[in-house]
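Below is one structure; the comments refer to it alone.
Protein chains in written order, with the working numbering: chain A, 1 to 323; chain B, 1 to 380.
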């Protein structure tokens, strides 16, 4: 089906060249992998490309946060009691010095949003990576070996899904103490179960294929079969799910920080900024609440739209996956 | 297709693969709440056969008769329930996966489905290179060179190693499967219906390819098929399987000229005759009923519920696979009442009651009253 879809689109530059001289044909013999077909579909998806552009902007914002700080002359944690606060100690609205205004301590909101993007992206990517790696390995092992291994992992997943995530996360952070690593591990620990289930289901159907039998007939080890023969076949759903997990991880991190159990202050963080802003919102400091919220909204929205695009591109039948 | 390059040492050494009394059951658990009952599919039950070096043994039978299961047992993709498999003088029937590995270089398998047997996400070069990678024979450029050699051998364009299976036709894909199996020039190749998924014109190409390769490398084939004309073309001898057992085994020409088992006879009568002028002359033997369930195979001779010559003995007693009606030692038949030359099986009528034939599980067949009733009727 992937081919027919690709064929329906305007043909890429190379026309099929039947019966060209062997030497000339050799160049074009490079096979078009399912990945390339998916990439080509993804590149034609306008919404996905726009959201990818936005994501790249946010990444650039995060990378060049120190540059922004240098240009404005405002450090992320620097408090400007004299210039950044009004006479009665309230935050100042957007002006030429503070582009997006200041917060309740007289810090530059724009610089803090830029630095906050770093936290959000790091948590989003790292927690998702952890989720996907643990989930994929657990799913592969569980699906391939079956039997007792499968039962144990399945029961563990059931147990995991039965735990109220937020309560557990809050109490864990309270015990261990809040830090970036703890937040990443907590999100990853609770997220892998769903990936594990998806991978397990796929493995169950793939391991009955004849090519797995062929690999066993050749004497391949179980690990080789799992990672060389099965993994490439479950990679598409994993990648699709991962792109949809990133915004989820970002929102979860923001929620934890909002509740005060995420990234410890004074590190700039969107969730925490939103929480701080609530206290001064009633005095008219709308910018302090609105701009971090928009940053969070735009980031998660772009990742979600991009994730949808990835799913449409790599899973065109749309019948193998959730959502 | 016999081979001359093999040292023709007669006797035991001549046998590459010996299968003795192999049994394979698959558990089917029909669990009602709290009460779990274990039934077994009797997929292969007491199969014995030999394959000689450089020869081709054809294995025919209906779908579900256990041909593929037997092949996978020989390849040790399944563990045997019981029985013994001797390959090249070594007992491999209980080897662990790890200790089985060296033998896998000498025995390989070609699969039925050219679509399912190739990993869609891997390039052809890497699929054919798998044997070299798994056994750590060659890597990098050397592996690529070897892969291209094998590709050329089976008639694929070596330049295509970078392509994906989806970019090949069914026949080409089967050539890829052949290339993968022959990468090491194994001694034994088990062909599990290698052509049944292909177009007839492509079938001939693949069969000729297999024949050429056999000649070139002195390969030994166990050729599984349900197409009798294909089997006749490629095999030196043929084993007919029915419901997990071998019902007749004989050199190919022997089997075609003097089929002894009624099942063989019926199978052969179903082969289409190429010449329509002669088509009417051959009497087609129609078997009644379906293949019984392998979960509860019939008692005695497994063919008795469908056999036109079934008699009470067939229900009570399992026949032995042995030479019948003065056949040579290599023509063995598992039948109490083998078909004599020139006998017209389509005229034969069973002498057991209809119930005993129709009831597939053999519950009624084991019932003495029906048999005695039948017997008394005949006396009167």
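Ideal placement from N, C-alpha and C gives every residue a C-beta, glycine not left out.
Strand pairing of residue i, partner residues [DSSP]
{"i": "residue 47/B", "result": "22/B"}
{"i": "residue 61/B", "result": "241/B"}
{"i": "residue 216/B", "result": "DSSP, once it has assigned bridges, lists no residue as partnering residue 216/B."}
8 Å Cβ cut-off: residues of chain A touching residue i
{"i": "residue 101/B", "result": "219"}
{"i": "residue 104/B", "result": "217, 218 and 219"}
{"i": "residue 108/B", "result": "217 and 218"}
Chain A residues whose Cβ lies nearer than 9 Å to that of residue i
{"i": "residue 77/B", "result": "213, 216 and 217"}
{"i": "residue 180/B", "result": "214 and 218"}
Distance between residue j and residue i (C-alpha atoms, nearest Å)
{"i": "residue 271/A", "j": "residue 279/A", "result": "14 Å"}
{"i": "residue 314/A", "j": "residue 44/A", "result": "13 Å"}
{"i": "residue 1/A", "j": "residue 42/A", "result": "Its pLDDT being 40, under 50, residue 1/A is placed unreliably in this model, and the coordinates cannot settle the point."}
{"i": "residue 152/B", "j": "residue 141/B", "result": "16 Å"}
{"i": "residue 341/B", "j": "residue 255/B", "result": "11 Å"}
{"i": "residue 50/A", "j": "residue 190/A", "result": "31 Å"}
{"i": "residue 117/A", "j": "residue 169/A", "result": "22 Å"}
{"i": "residue 235/A", "j": "residue 120/B", "result": "13 Å"}
{"i": "residue 311/A", "j": "residue 221/B", "result": "46 Å"}
{"i": "residue 114/B", "j": "residue 172/B", "result": "9 Å"}
{"i": "residue 2/B", "j": "residue 219/B", "result": "With a pLDDT of 42 at residue 2/B, under the threshold of 50, the predicted position of this residue should be treated as unreliable, though the coordinate-derived value follows. If you take the alpha carbons of residue 2/B and residue 219/B, they lie about 10 Å apart."}
{"i": "residue 157/B", "j": "residue 309/A", "result": "37 Å"}
{"i": "residue 120/A", "j": "residue 198/B", "result": "55 Å"}
{"i": "residue 78/B", "j": "residue 182/A", "result": "46 Å"}
{"i": "residue 149/B", "j": "residue 114/A", "result": "58 Å"}
{"i": "residue 213/B", "j": "residue 38/A", "result": "39 Å"}
{"i": "residue 39/B", "j": "residue 83/B", "result": "20 Å"}
{"i": "residue 101/B", "j": "residue 217/A", "result": "9 Å"}
{"i": "residue 263/A", "j": "residue 124/B", "result": "49 Å"}
{"i": "residue 137/A", "j": "residue 237/A", "result": "14 Å"}
{"i": "residue 366/B", "j": "residue 249/B", "result": "For residue 366/B, the predicted structure reports a pLDDT of 40, less than 50, and the residue's modelled location is therefore unreliable. A value from the coordinates is still provided. Their backbone Cα atoms lie some 28 Å apart in a straight line."}
{"i": "residue 25/A", "j": "residue 175/B", "result": "No answer about residue 25/A holds up, because its pLDDT of 46 lies below 50 and its placement is not dependable."}
{"i": "residue 372/B", "j": "residue 312/B", "result": "With a pLDDT of 36 at residue 372/B, under the threshold of 50, the modelled position of this residue cannot be trusted; read the value that follows with caution. When rounded, the distance between both Cα atoms is 10 Å."}
{"i": "residue 97/A", "j": "residue 261/A", "result": "32 Å"}
{"i": "residue 195/B", "j": "residue 46/B", "result": "27 Å"}
{"i": "residue 23/A", "j": "residue 144/B", "result": "Its pLDDT being 45, under 50, residue 23/A is placed unreliably by the model, and the measurement read from it follows with that caveat. About 19 Å."}
{"i": "residue 300/A", "j": "residue 176/A", "result": "28 Å"}
{"i": "residue 20/B", "j": "residue 48/B", "result": "4 Å"}
{"i": "residue 268/B", "j": "residue 228/B", "result": "8 Å"}
{"i": "residue 75/B", "j": "residue 190/B", "result": "8 Å"}
{"i": "residue 329/B", "j": "residue 204/B", "result": "32 Å"}
{"i": "residue 105/B", "j": "residue 243/B", "result": "31 Å"}
{"i": "residue 380/B", "j": "residue 60/B", "result": "Model confidence at residue 380/B stands at a pLDDT of 32, short of 50, so the residue's coordinates are unreliable and nothing is read from them."}
{"i": "residue 21/A", "j": "residue 180/B", "result": "A caution first: residue 21/A carries a pLDDT of 42, below 50, which makes its placement in the model too unreliable to give a value."}
{"i": "residue 89/A", "j": "residue 240/A", "result": "48 Å"}
Under 8 Å by beta carbon: chain B residues contacting residue i
{"i": "residue 224/A", "result": "134"}
{"i": "residue 210/A", "result": "111, 112, 113, 116 and 117"}
{"i": "residue 233/A", "result": "119, 120 and 121"}
C-beta contact flag for residue i and residue j at 8 Å
{"i": "residue 305/A", "j": "residue 124/A", "result": "no"}
{"i": "residue 58/B", "j": "residue 110/B", "result": "no"}
{"i": "residue 109/A", "j": "residue 291/A", "result": "yes"}
{"i": "residue 50/B", "j": "residue 15/B", "result": "yes"}
{"i": "residue 149/A", "j": "residue 242/A", "result": "no"}
{"i": "residue 142/A", "j": "residue 196/A", "result": "yes"}
{"i": "residue 147/B", "j": "residue 170/B", "result": "no"}
{"i": "residue 265/B", "j": "residue 339/B", "result": "yes"}
{"i": "residue 107/B", "j": "residue 165/B", "result": "no"}
Residue of the options minimising C-alpha distance to residue i
{"i": "residue 86/B", "options": "22/B, 315/B, 159/B and 185/B", "result": "22/B"}
{"i": "residue 202/B", "options": "246/B, 155/B, 109/B and 165/B", "result": "155/B"}
{"i": "residue 214/A", "options": "56/B, 71/B and 46/B", "result": "71/B"}
{"i": "residue 336/B", "options": "193/B, 321/B and 174/B", "result": "321/B"}
{"i": "residue 287/B", "options": "293/B, 303/B, 272/B and 294/B", "result": "303/B"}
{"i": "residue 134/B", "options": "211/B, 317/B, 184/B and 26/B", "result": "184/B"}
{"i": "residue 168/B", "options": "139/B, 291/B and 118/B", "result": "118/B"}
{"i": "residue 325/B", "options": "273/B, 289/B and 261/B", "result": "261/B"}
{"i": "residue 289/B", "options": "314/B, 306/B, 277/B and 275/B", "result": "306/B"}
{"i": "residue 203/A", "options": "221/A, 232/A, 188/A and 47/A", "result": "232/A"}
{"i": "residue 229/A", "options": "275/B, 297/B and 127/B", "result": "127/B"}
{"i": "residue 76/A", "options": "269/A, 226/A and 144/A", "result": "269/A"}
{"i": "residue 295/B", "options": "138/B, 24/B and 42/B", "result": "42/B"}
Interface residues of chain B facing residue i [CB-CB closer than 9 Å]
{"i": "residue 237/A", "result": "What residue 237/A touches in chain B: nothing, since even the nearest Cβ is about 13 Å away."}
{"i": "residue 34/A", "result": "120, 121, 164 and 166"}
Any non-hydrogen atom of the ligand HEM within 7 Å of residue i CB
{"i": "residue 309/B", "result": "In the structure on display, the ligand HEM does not appear, and there are no ligands present to speak of."}
Per-residue contacts from residue i into chain B (C-beta, under 7 Å)
{"i": "residue 229/A", "result": "119"}
Per-residue contacts from residue i into chain A (C-beta, under 7 Å)
{"i": "residue 131/B", "result": "218"}
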